[in-house]
Amino acid sequence: MFNSAFKCRVCDNNLSITIDFGLMPIANNLLEQNYEVVKSEYKFHMQTAVCNKCGCFQIVKVPDKNLMFNNTYTYFASQSKSMTHHFQILGDSIMKNFVKDESDYVLDLGSNDGIFLKNFVDNEIDHLGVDASENVVNNSKSKGINAICGFFNKNLCESIIKSKGKAKVIISTNTMHHIEKCHEVLEGMDLLLKDDGMIIIEDPYLPDMLKLGSFEQIYAEHNFIWCCSSYKTLFEKYSFFLNDVEHFSIHGGSMRYYFSRNKERSKSVDKYLALEKNIKVADDLTYENFKIKSEEVCNKLKNFLKEEKSKGKRICGYGATAKSSTLLNFAKIDGSLIECIYDSTPAKIGKITPGTHIPIKDASKFRFENFDYTILFAWNLKNEITAKEKKNGARTTWVEYVPEIKLTNAN
Ligand code: TYD
Ligand code: ZN
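With my numbering applied, the sequence shown covers 114 to 524.
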């Protein structure tokens, strides 16, 4: 722990560094198998801090946003059927409870490939997606979604209001924690939301990350890990109040937050604010313990891989996730221990993982390879992936590693 010149992005309090991950690549920046590209690979010094005042957990120095979100973004959310279903339920609830008037529309910040807005297209309900990566915007447009490419801020919101009016619902799932300049987002929301509108945010929940020791949620794009206390502090600066929260087990534990101009507060909000106090989310010491837990996860997995490799076992991975970039780079696990990683995303297949340069192969071929062990890097989608591969007749032993090594036969 040492003091730094950095200030909390939410409340401007002084920050001290809690965890130093060393040099890291951009997690979703998968590389072409080309020497020149590999040689010039971008890396940044990833250090984290927590604000002792508001509990905001953040990466202190984040790469330029244009390096992370551009025309070669590789994360396409609709690859997962279970996530698609999750957002269909949310879409139905919003259509039923919030979209009442002819002029009401829903704006999705970080609309990606349209995983959420597809529900609004199917029900012919007015909507607008905003995303900073042109390739995913184009993908969503091909599904009939009304989307624009850009960084969400005051200027963008002013132009949206001119062309479309104010939004009844602003939703942002698994995106707010990607945006370093969180005040720019709030300035935009402040202008764009109708007076009786609702803001719904969902992303990984800090106490879950601490409990599981799932430090993999921290990477360049995930430059915040939010909780009730830090979001409440941020939104109240713009007179938005946290009305309710809902907890989900997805992505290793996520929280959905509801904000409006109304000051009403549910019992759930009180419950989770109390929990955050209890587990000391804002204390440096909590992160010292978390760091020890994280190193243990790395060491146990690396030792397991080394031992099995020395016995001549074949080992691959499943899910070229952004999470795994933090794990592999922090633990220094590369192609000498893991032969390849299977993934279903066309934009990932044929590339190599950032920093560790492990080849990514087409998941549809996985069933033919019969690896002795398969490290489940997409552990958050375990049920969906293992059920699919069981049906495919794949033979392997699945390896989970958070919080402990757990082996499961695939059939
Ligand atoms: P995800 O866990 O959403 O995470 P992250 O945010 O850490 O990148 O990524 C899941 C990855 O797994 C994604 O690259 C798609 C891939 N995937 C498959 O290859 N097969 C599948 O059946 C599913 C559901 C996902
Ligand atoms: Zn703060």
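C-beta atoms are modelled at their ideal positions from N, C-alpha and C, and glycine is treated no differently.
Which one or two residues does DSSP pair with residue i in a beta bridge?
| i | result |
| --- | --- |
| Cys121 | Cys121 pairs with nothing; no bridge assigned. |
| Gly135 | Met159 |
| Cys429 | Thr487 |
| Ser373 | Phe354 |
| Cys262 | Asp244 |
| Glu315 | Thr286 and Arg369 |
| Ile172 | Thr161 |
| Phe337 | Gln171 |
| Val219 | His240 and Val282 |
| Leu306 | Ala280 |
| Trp492 | BP columns for Trp492 are empty, so no partner. |
| Val512 | Ile488 and Leu520 |
| His360 | Met368 |
Is there at least one non-hydrogen atom of the ligand ZN closer than 8 Å to the beta-carbon of residue i?
| i | result |
| --- | --- |
| Ser195 | no |
| Leu121 | This sequence places Cys at residue 121; Leu is not what is there. Yes, the Cβ of Cys121 comes within 8 Å of a heavy atom of the ligand ZN. |
| Thr509 | no |
| Cys169 | yes |
| Cys341 | no |
| Cys124 | yes |
| Cys295 | no |
| Lys527 | In the structure as shown, the chain begins at 114 and stops at 524. Residue 527 is therefore absent and cannot be evaluated. |
| Thr346 | yes |
| Lys166 | yes |
Closest to residue i by CA distance: which of the options is it?
| i | options | result |
| --- | --- | --- |
| Lys174 | Phe233, Phe157, Phe182 and Ala395 | Phe157 |
| Ile363 | Gln330, Ser343 and Lys393 | Gln330 |
| Pro176 | Asn336, Ala433, Arg374 and Ala260 | Asn336 |
| Cys411 | Lys436, Asp214, Arg374 and Ser367 | Lys436 |
| Lys415 | Ile428, Lys404 and Phe403 | Ile428 |
| Ile361 | Thr399, Ala260 and Pro317 | The question names Ile, but residue 361 in the sequence shown is Phe. That would be Pro317, whose Cα lies nearest to the Cα of Phe361. |
| Gly569 | Asp303, Thr131, Arg369 and Phe481 | For the chain, the structure presents residues 114 to 524; residue 569 sits outside this window and is missing. |
| Glu145 | Thr466, Val243 and Pro459 | Thr466 |
| Phe484 | Ala433, Asp456 and Ala523 | Ala523 |
| Asn493 | Met208, Ile312, Leu325 and Asn252 | Leu325 |
| Phe229 | Asn251, Lys209 and His198 | His198 |
| Val298 | Lys279, Phe348, Ser477 and Ala333 | Phe348 |
| Ile172 | Ile261, Phe233, Pro516 and Lys294 | Lys294 |
| Lys194 | Pro516, Asn496 and Glu517 | Asn496 |
| Asn356 | Gly468, Ala333, Ile312 and Glu502 | Ile312 |
| Ile258 | Asn266, Glu271, Leu269 and Gly242 | Gly242 |
| Pro138 | Asn375, Thr469, Ala395 and Gly432 | Thr469 |
Are residue i and residue j closer than 9 Å when you measure CB to CB?
| i | j | result |
| --- | --- | --- |
| Ser191 | Gly223 | no |
| Lys464 | Leu143 | yes |
| Phe264 | Phe182 | yes |
| Glu247 | Asn165 | no |
| Tyr400 | Thr187 | no |
| Ser327 | Gly168 | no |
| Lys275 | Asp217 | no |
| Lys209 | His296 | no |
| Val512 | Phe443 | no |
| Lys281 | Asp309 | yes |
| Val219 | Asp239 | yes |
| Ser285 | Asp221 | yes |
| Cys270 | Gly301 | yes |
| Lys178 | Ile292 | yes |
Out of curiosity, what's the CA-to-CA distance linking residue i and residue j?
| i | j | result |
| --- | --- | --- |
| Lys474 | Ile462 | 5 Å |
| Glu452 | Ile273 | 48 Å |
| Gln160 | Lys380 | 35 Å |
| Tyr514 | Ile498 | 16 Å |
| Ile454 | Lys504 | 20 Å |
| Glu154 | Trp339 | 29 Å |
| Ile314 | Ser423 | 46 Å |
| Asp205 | Gly448 | 44 Å |
| Leu323 | Ile471 | 28 Å |
| Ser352 | Tyr370 | 15 Å |
| Ile207 | Phe200 | 10 Å |
| Val249 | Tyr486 | 33 Å |
| Glu149 | Pro320 | 41 Å |
| Phe189 | Val382 | 31 Å |
| Ser373 | Val358 | 12 Å |
| Phe490 | Asp214 | 44 Å |
| Gly366 | Asn402 | 19 Å |
| Leu398 | Asp133 | 14 Å |
| Asn127 | Asn252 | 41 Å |
Looking at the ligand TYD, does it come within less than 8 Å of residue i, judged from the CB to the closest heavy atom?
| i | result |
| --- | --- |
| Tyr514 | no |
| Leu494 | yes |
| Ile228 | no |
| Tyr431 | yes |
| Glu497 | yes |
| Gln192 | yes |
| Glu145 | no |
| His364 | yes |
| Tyr188 | yes |
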